[in-house]
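Read through the structure below, which is laid out as structure tokens, and then see the notes.
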Amino acid sequence: MKQEENIIEKFYQAFEHLDAERMVETYHDDVTFEDPAFGILRGEKAKNMWRMLCSSQQGKDFKIKTTHIEYTPEKGTARWEAYYTFGKKGRKVHNVINAKFEFKDGKIINHLDSFNLYKWSKQSMGVTGFLLGWTAFFKKKLNKQTNIRLTDFEEKNNKK
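Each step along the sequence shown adds one to the number in the UniProt record's numbering, with nothing skipped, and position 160 is 160.
Set out below in structure tokens:
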């Protein structure tokens, strides 16, 4: 079995158990992560995003399903689906994500998660998501809010 396959499998197996420390072990120190909700995160910020997300889902109905893992020594892909309840209104979300990875020194150096932000926003935010979820304004505001939340998490947990 190739090391790259193990990295992707290790990452998602850890995610299934909300084990952020095992997840971030697969990341290179110079990692770049990008997705529609957070934008671009580098290094410790990317690692701390997973720590924050895993800690916020502990004891909840969060689950993921990973399929279509493919790899070469330089890069890999996976499709994963997340199922969870979002926000104070308890909206059910089913998000389908396509992940792309690049590897360096046996670790993930680039991780890009792509998903339909409009579809996610309609599920997670109801009418607001339906009306605004497709706009650049919405994406910019979401990126700002998620990054403020991440900074707060880092300050509370001494993770800077």
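Ideal placement from N, C-alpha and C gives every residue a C-beta, glycine not left out.
Ranked by how close their Cα comes to the Cα of residue 67, the residues 9, 127, 134 and 135 have 9 in first place.
Here DSSP, grouped into helix, strand and coil, assigns residue 43 to coil. The criterion of a C-beta distance shorter than 7 Å is satisfied by residue 109 and residue 31.
Taking the C-beta atoms as reference points, residue 69 is found nearer than 7 Å to residue 78.
The residue among 73, 107, 37 and 100 with its C-alpha nearest the C-alpha of residue 140 is 37. With contacts defined by Cβ atoms closer than 7 Å, residue 150 and residue 49 form a contacting pair. Per the DSSP secondary-structure output, residue 70 pairs in a beta bridge with 77. Here residue 51 is buried: its Cβ has 16 or more other Cβ atoms, across all protein chains shown, within 10 Å. Burial check for residue 106: the Cβ neighbour count within 10 Å stays below 16, so the residue is exposed. The C-beta distance from residue 45 to residue 24 rounds to 11 Å, too long to fall under 8 Å, and the pair is not in contact. When beta bridges are read from the DSSP output, residue 93 appears opposite 84.
Beyond the five residues adjoining it in sequence on each side, residue 117 comes within less than 7 Å, by CB distance, of 36, 133 and 139 in the same chain, given in chain order. In the DSSP assignment, residue 156 falls within the unbroken alpha helix (DSSP H) covering 136-156. In the structure shown, the three-state DSSP call for residue 26 is coil. When C-alpha distances from residue 100 are compared across 87, 114, 60 and 89, the shortest belongs to 114.
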